[in-house]
Amino acid sequence: MAGITIGVITSDNGIIKNTNNAKEQTEIANEKEIIDEATVQAMSNNKYGNIEKDELQEQLDKIAGNGKTEADDVGEEFEVAFVESERYYTVDKNGTITGPQKIVIDKSPGDITKDENGEELDGNTKETAYEIWCIEDLVEYSKIMNSSSAGTLGNKYIKLCKTLNFKSKFSYVDYETTNYDEFLGGDGTTKLMEQLSENGNGFYPINGGPSKNAGIAKEFDGQGFKIENIYINQEGFAGFIGQASNICVKNLTITGTIISKNASAGGICGQPSSLR
Numbered sequence: 006m007a008g009i010t011i012g013v014i015t016s017d018n019g020i021i022k023n024t025n026n027a028k029e030q031t032e033i034a035n036e037k038e039i040i041d042e043a044t045v046q047a048m049s050n051n052k053y054g055n056i057e058k059d060e061l062q063e064q065l066d067k068i069a070g071n072g073k074t075e076a077d078d079v080g081e082e083f084e085v086a087f088v089e090s091e092r093y094y095t096v097d098k099n100g101t102i103t104g105p106q107k108i109v110i111d112k113s114p115g116d117i118t119k120d121e122n123g124e125e126l127d128g129n130t131k132e133t134a135y136e137i138w139c140i141e142d143l144v145e146y147s148k149i150m151n152s153s154s155a156g157t158l159g160n161k162y163i164k165l166c167k168t169l170n171f172k173s174k175f176s177y178v179d180y181e182t183t184n185y186d187e188f189l190g191g192d193g194t195t196k197l198m199e200q201l202s203e204n205g206n207g208f209y210p211i212n213g214g215p216s217k218n219a220g221i222a223k224e225f226d227g228q229g230f231k232i233e234n235i236y237i238n239q240e241g242f243a244g245f246i247g248q249a250s251n252i253c254v255k256n257l258t259i260t261g262t263i264i265s266k267n268a269s270a271g272g273i274c275g276q277p278s279s280l281r
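Heads up: the sequence shown begins at 6 in the working numbering, then just goes up one per residue.
So, in C-alpha cells, the structure goes:
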C-alpha cells in the first residue's frame with residue numbers, strides 16, 4: 006500500500022507533478038498579463054500608438070517591480086524576459102504576445118557534438134543527432150563546413166533545438182565574444198552579434214566557399230523552429246547553405262536578409278543541385 010501511495014504522489018501523472026504543472030501555468034498566465042498590461046500602457050503613452058523599448062520597460066517596472074523583467078528590441082519585435090522564472094516572451098508591433106521560451110544556457114557553445122548539458126552525441130541516428138542550441142553552434146557548424154573537415158558531418162543527423170534570432174541576446178551564450186570574428190572576415194576584435202548584423206559581414210553560409218559542393222548532413226531537422234533575422238551578404242552563392250549537391254532540410258523556417266552580388270541566393274540554399 007505504501008508503494009502504491011508513493012507512486013500516485015511521485016509518478017509522471019502524480020499529484021506533485023500535476024501541482025507543479027498547474028503552478029507553472031498560473032505563473033505563465035500572470036507573466037502574460039503583466040506584458041499585456043505594460044504593452045497597452047506603452048502604446049497609449051506614445052502619440053503614434055507605437056511600442057518603444059524604454060517606455061515598455063518603464064511600464065514593466067511599474068507593474069512587476071524594478072529588476073524583475075528585461076525588455077529588448079530584436080528588430081520587428083520585442084522580447085520580455087522574467088528574471089526569476091528564466092522565461093521570455095515575444096511581443097510584436099501590434100502587441101501580440103507569443104511564448105514563453107525558456108532561457109537555455111548551452112554548456113558547450115560551439116560544439117554541436119554535445120547537448121545543452123554537455124553530454125556527448127554521436128550524430129548517427131535521429132535520436133542521437135548533433136544539436137544546435139545557440140548562434141555559436143550555428144557559426145561553428147558553418148566554420149567546419151567551410152574547412153577541410155567538412156566531410157566529418159556529411160553523414161550525420163543534425164537538429165535545431167530552439168528558435169534562434171540573430172538579434173536576440175538569448176540566442177547566444179556570449180553575444181560579445183570575438184572568437185569567430187576572423188572566420189567571419191573581421192580583424193579579430195568585432196563582437197559576434199555586431200559582426201552578424203547589417204553593420205558587419207553577416208553569417209557565412211554553410212558550404213559557402215567557391216569549391217564547396219557537398220552534402221551538409223544526412224538530415225538537417227529544424228523541428229519546427231525558426232532561424233530569424235539572419236543577415237547574409239556575399240559575392241557568391243548566398244543562403245543558409247551556400248551550395249550543396251544533395252541535402253535534406255526539413256521543418257525549418259528562415260527569415261532575414263540574404264544578398265548575393267554575383268550569384269544566386271535563396272533562404273535555405275543558394276544553389277542546390279539536389280534538394281529534398
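Just so you know, even glycine gets a beta-carbon here, dropped at the ideal spot from N, CA and C.
What you are looking at is a predicted structure, and each value in this text was computed from that prediction instead of being measured.
query, result
"Which of helix, strand or coil DSSP assigns to aspartate 120", "coil"
"Buried/exposed call for valine 45, threshold 16 Cβ in 10 Å", "exposed"
"Stretch-stretch touch, CB-based, cutoff 8 Å, three pairs: the stretch 220-227 with the stretch 247-259", "yes"
"Under 9 Å between C-beta atoms of lysine 119 and asparagine 55", "no"
"Helix, strand or coil at isoleucine 137 according to DSSP, with G and I counted as helix", "strand"
"Sub-9 Å separation of methionine 150 and isoleucine 102 beta-carbons", "no"
"Assigned exposure category for threonine 157 - 16 Cβ within 10 Å defines buried", "exposed"
"Residue span of the alpha helix (DSSP H) that contains lysine 58, given as start and end", "58-69"
"Burial state of isoleucine 273, where buried means 16 or more other Cβ atoms lie within 10 Å", "buried"
"Boundaries of the alpha helix (DSSP H) in which leucine 197 is found, first to last residue", "197-200"
"Cβ neighbours of glycine 115 in the same chain (closer than 7 Å, five flanking residues each side left out)", "Glu141, Asp142, Glu145"
"Neighbourhood of asparagine 51 by C-beta distance below 7 Å, restricted to the same chain and skipping five residues each side", "Glu57, Glu60"
"8 Å contact criterion, which aspartate 121 and lysine 112 should meet: CB distance rounded", "Here the sequence assigns glutamate to residue 121, which means aspartate is not the residue at that position. At roughly 6 Å, the Cβ-Cβ gap stays under 8 Å, so glutamate 121 and lysine 112 are in contact."
"Start and end residues, beta strand (DSSP E) containing glutamine 276", "274-277"
"Boundaries (first-last residue) of the beta strand (DSSP E) holding serine 176", "Taken as a continuous stretch (DSSP letters only), serine 176 belongs to no beta strand (DSSP E), as it is neither H nor E."
"DSSP-derived helix/strand/coil call for leucine 280", "Per-residue confidence for leucine 280 stands at a pLDDT of 49, beneath the threshold of 50, marking its modelled position as unreliable; the derived number appears in the next sentence. Looking at leucine 280 - three-state DSSP - the assignment turns out to be strand."
"Residue-chain proximity (glycine 213, chain D), Cβ-Cβ < 9 Å", "The displayed structure is made up of one protein chain only, and chain D is not part of it."
"Counted within 10 angstroms of its Cβ, other Cβ atoms place alanine 47 as buried (16 or more) or exposed", "buried"
"For asparagine 206, three-class secondary structure by DSSP", "coil"
"Alpha-carbon spacing of serine 265 relative to phenylalanine 175, whole angstroms", "28 Å"
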